[in-house]
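Residues 80 to 364 (the working numbering) make up the sequence shown, in order.
Don't be surprised by glycine CBs; every beta carbon is placed ideally from N, CA and C.
If you're wondering where the values come from, they're calculated on a predicted model, not measured in any experiment.
Structure, as structure tokens:
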Amino acid sequence: MNRRPSLPAGVLTALALVAFAGNSLLCRLALRAGAIDPGSFTSLRLASGALVLALLLRGRGTATAPAPAWRSAAALAGYAIPFSFAYVALPASTGALLLFGAVQVTMLASSLWSGERHHPRQWLGALIALGGLIYLLLPGLAAPPLGSAALMLLAGIAWGAYSILGRGTTDPLAATATNFARAVPVALLASALTLGAFTASLPGILLAVSSGAIASALGYVIWYAALPRISRLTASLVQLAVPVLTALAGVLLLGESLTPRLLLAGLLVLGGIALGVLVPRVPAV
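Here you go:
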């Protein structure tokens, strides 16, 4: 049964990217301020998301498509858990570069492996966008702790896999609800293993719940609705806009400086995305 929304793929993708950027801001506020420990943040994030999705699914009151494979839930947990633990020690810019760089490489490799063919301008756009992201982040990077860097790379690979697996989704709400519900026990186990570091203030709890119930749950449903309509290359390419959106949101909401470097990097990333997306897809042979 096909339950994809009727909104254009471009609108769905844009909404998903805004949700991703909002999620990054919420995670940054909670974890960098020490308002909550990463294990508890992840558990609350996934549990609140699962609850909201279950309520939405129940409210729909109609039959759903078959449940997705367990590997989708494993990929979701494999992203959410190391992401939270990595951001305790990583600067935001370093984490974003590692995360979305790993996503880009994972999805590009999948595109090549699956035999998707693309216009050369799409590959050029991908290189320009990735170069702009590196230009934005690299000058401010400090040498990251090896363990935290490895965790963030793992999170990026897992998120790339989660996005790839979502391309076959016919019922985004049901698939995302199932994935969240299955990922919660894994997050609780990770939280239990780090119980000695437990910290949970009211602001941290509210940030985790907001991240899970709004930015994660609803954002991921929208993303899963968009994925079947776009190529792997396009899906990997547009996600490079998230660190730029997050940086711009930091200027508007957190009072961070709007530098010439940020403006130029943003133009490179957005220009590369436009170059890669606004090209007719080459049909596979």
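Residue i - DSSP class collapsed to helix/strand/coil
| i | result |
| --- | --- |
| Val364 | For Val364, the predicted structure reports a pLDDT of 38, less than 50, and the residue's modelled location is therefore unreliable. A value from the coordinates is still provided. Three-state DSSP puts Val364 in coil, outside helix and strand. |
| Tyr309 | Note that residue 309 is Ile in the sequence shown, not Tyr. Ile309 falls in the coil class under three-state DSSP. |
| Tyr299 | helix |
| Ser45 | Outside the displayed range of the chain (80 to 364) lies residue 45, so it cannot be described from this structure. |
| Leu135 | helix |
| Ala168 | coil |
| Gln183 | helix |
| Arg196 | coil |
| Met80 | Confidence is the limiting factor: at Met80 the pLDDT is only 47, short of 50, which leaves the residue's position unreliable, though a coordinate-based value still follows. If DSSP states are grouped into helix, strand and coil, Met80 belongs with coil. |
| Thr257 | helix |
| Thr121 | helix |
| Gly128 | helix |
| Thr325 | helix |
| Pro251 | helix |
| Leu337 | coil |
Whether residue i touches residue j by CB criterion (9 Å)
| i | j | result |
| --- | --- | --- |
| Leu312 | Ala165 | no |
| Gly283 | Ala114 | yes |
| Thr376 | Ala240 | Here the chain has residues from 80 to 364 only, and residue 376 is not among them. |
| Gly210 | Gly351 | yes |
| Ala95 | Phe162 | no |
| Ala133 | Ala256 | yes |
| Ser27 | Gly118 | This structure cannot speak to residue 27, because the chain is shown only from 80 to 364. |
| Ser151 | Ala254 | yes |
| Val323 | Gln201 | no |
| Ala60 | Ala266 | With the chain covering only 80 through 364, there is no way to say anything about residue 60. |
| Leu179 | Gln318 | Checking the sequence, you will find Phe at residue 179 rather than Leu. Against a cut-off of 9 Å, the Cβ pair of Gln318 and Phe179 comes out as a contact. |
| Ala181 | Leu225 | no |
| Leu316 | Ala208 | yes |
| Tyr303 | Pro251 | yes |
| Thr249 | Pro170 | no |
Beta-bridge pairing of residue i - partner residues as DSSP gives them
| i | result |
| --- | --- |
| Ile115 | Ala279 |
Alpha-carbon to alpha-carbon, residue j and residue i
| i | j | result |
| --- | --- | --- |
| Leu296 | Ser310 | The sequence shown places Ala at residue 296, rather than the Leu named in the question. Cα to Cα, Ala296 sits roughly 23 Å from Ser310. |
| Ala126 | Ala98 | 18 Å |
| Ser242 | Ser290 | 19 Å |
| Val361 | Ala314 | In this prediction, Val361 has a pLDDT of 49, which is less than 50 and means its spatial position is unreliable; what the coordinates show is noted afterwards. Rounded to the nearest angstrom, the two C-alpha atoms are 16 Å apart. |
| Ala287 | Leu136 | 22 Å |
| Leu354 | Leu203 | 8 Å |
| Leu244 | Gln183 | 15 Å |
| Gly101 | Ala294 | 6 Å |
| Val300 | Leu130 | 14 Å |
| Leu104 | Arg124 | 14 Å |
| Ala112 | His198 | 44 Å |
| Met80 | Ala175 | Residue confidence for Met80 is low, a pLDDT of 47 falling below 50, so the modelled location carries little weight; the figure read from the coordinates is stated next. Rounded to whole angstroms, Met80 to Ala175 spans 36 Å at the Cα level. |
| Arg246 | Arg196 | 17 Å |
| Leu215 | Ala228 | 18 Å |
| Asp116 | Leu343 | 35 Å |
| Ala363 | Gly89 | Confidence is the limiting factor: at Ala363 the pLDDT is only 43, short of 50, which leaves the residue's position unreliable and the question unanswerable from this model. |
Examine the Cβ distances between the region 273 to 291 and the region 179 to 198 and report whether three or more of them are shorter than 8 Å. Contact between the region 273 to 291 and the region 179 to 198 is absent, because fewer than three Cβ pairs lie under 8 Å.
Does the region 261 to 269 come into contact with the region 153 to 160, if we say contact requires no fewer than three beta-carbon pairs (one atom in each stretch) closer than 8 Å? By the C-beta criterion, the region 261 to 269 is judged to be in contact with the region 153 to 160, since at least 3 inter-stretch pairs fall below 8 Å.
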